[in-house]
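Remarks on the structure that follows.
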Amino acid sequence: MSTVAFILLYGLSYGLVLCLIALGLVITMGLMHVINLGHGAFAAIGGYLAINLMQQQGFPYALAVPSAVIAVAAFGVLAERLLYVRLYKRSHLEQVLVTIGFNFVVIAVITMLFGPNITRMELPTYLRGNVDLGIREFELYRVVASGICIVIIGALWWVFERTSTGARLRAAVDNQGMAQAMGMNVPLLFAATFALGCGLAALGGILAAPMLPMEPMWPMKYLVLMLVIVALAGHGQVTASVAVAIIVGVVETAGRYLFPQFGAFFIYLLLIG
797 MSTVAFILLY GLSYGLVLCL IALGLVITMG LMHVINLGHG AFAAIGGYLA
847 INLMQQQGFP YALAVPSAVI AVAAFGVLAE RLLYVRLYKR SHLEQVLVTI
897 GFNFVVIAVI TMLFGPNITR MELPTYLRGN VDLGIREFEL YRVVASGICI
947 VIIGALWWVF ERTSTGARLR AAVDNQGMAQ AMGMNVPLLF AATFALGCGL
997 AALGGILAAP MLPMEPMWPM KYLVLMLVIV ALAGHGQVTA SVAVAIIVGV
1047 VETAGRYLFP QFGAFFIYLL LIG
């Protein structure tokens, strides 16, 4: 029972963080129809920037996190206006090639600025230690991170499923000319949506940093997991993404815990199945 509780709790927290990162890709890839394989780069930038603000600039954790998210979202607007806007009408192959290239550029810059080794995030004292959940003790940080993910995912579901924002975005993607004729500011809508996706990636990367330490190849290393979630959940499906991400988190955790030498292969077996 202790082993089962460990796998479920760690898998749930891991899956929720993965879901938060993947939801940014669900938005840009599913709703905006852009195959953004550079999505992991924004998550890595968020993680590295938060660590830098804490270690080099002396920011407290509670200030470093929103500052890094806002900075990455602003960078996302710049990237969307200068680069991604040129890809909206391009073929999927061109989108893949350019965004993969963007990933490698970011990896090179990270290596140049922070070095090739793993960079770890030091948590503040109030997020360290364990909390008793009844079935077993569990890391306090993972409980807090899971709670943040649940709140944000719920808010996103409400915005895209229960307000006109999601409908406007889908309308703008399906028929940009008609959307503009109806008075929608399509470029602003696209830029804001892309910034939201980048901000989600950055927050996910920051929350994941204590679990998945930052390294230059982070954007490529965890891109596969994000693509698995998007592929299994379906394009633009927020609710399905949550369920799939939790399943991926539990399967990944169980595989690595029970069969350490073969743990990574279970994700591919899940995808094939």
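According to the working numbering, the residues represented by the sequence shown are 797 to 1069, in order. All residues carry an ideal CB built from backbone N, CA and C; glycine is no exception.
#### Entry: methionine 1013 - DSSP class collapsed to helix/strand/coil
coil
### Query
To the nearest whole angstrom, what separates the beta carbons of isoleucine 841 and valine 868, a pair I think is in contact under 8 Å?
5 Å
### Query
Just reading off the alpha helix (DSSP H) that asparagine 899 is part of, what are its end residues?
888 to 910
### Query
methionine 1022 and leucine 821 look like a contact to me (Cβ under 8 Å); what is the Cβ gap, rounded to whole Å?
5 Å
### Through-space distance from leucine 952 to leucine 849, alpha-carbon basis
27 Å
### Task
Decide yes or no for the touch test of the stretch 970 to 986 against the stretch 806 to 819: beta carbon pairs closer than 8 Å, at least 3 of them.
no
### Message
In this structure, how does DSSP classify valine 830 when only helix, strand and coil are distinguished?
### Response
coil
#### Entry: Same chain, Cβ closer than 8 Å to leucine 879, neighbours up to 5 away in sequence not counted
Val894, Phe898
### Message
Suppose contacts are defined by Cβ-Cβ distances below 8 Å. Is alanine 837 in contact with proline 1015 by that definition?
### Response
yes
### Residues bridged to aspartate 928 (per DSSP)
Glu933
### Neighbourhood of valine 939 by C-beta distance below 7 Å, restricted to the same chain and skipping five residues each side
Val927
### Task
Tell me threonine 915's beta-bridge partners as DSSP assigns them.
Met1010
### Query
So which of Asn832, Ala1029, Tyr1018, Pro1012 has the shortest CA-CA distance to asparagine 913?
Pro1012
### Query
Using DSSP with H/G/I as helix, E/B as strand and the rest coil, what is threonine 959?
coil
### Query
Quick one: what's got a C-beta closer than 6 Å to tyrosine 806's C-beta in the same chain, skipping five residues either side?
Thr1049
### Query
Hey, out of Thr989, Pro1056, Val1024, whose CA is closest to glycine 1069's CA?
Val1024
### Same chain, Cβ closer than 7 Å to threonine 907, neighbours up to 5 away in sequence not counted
Pro1012
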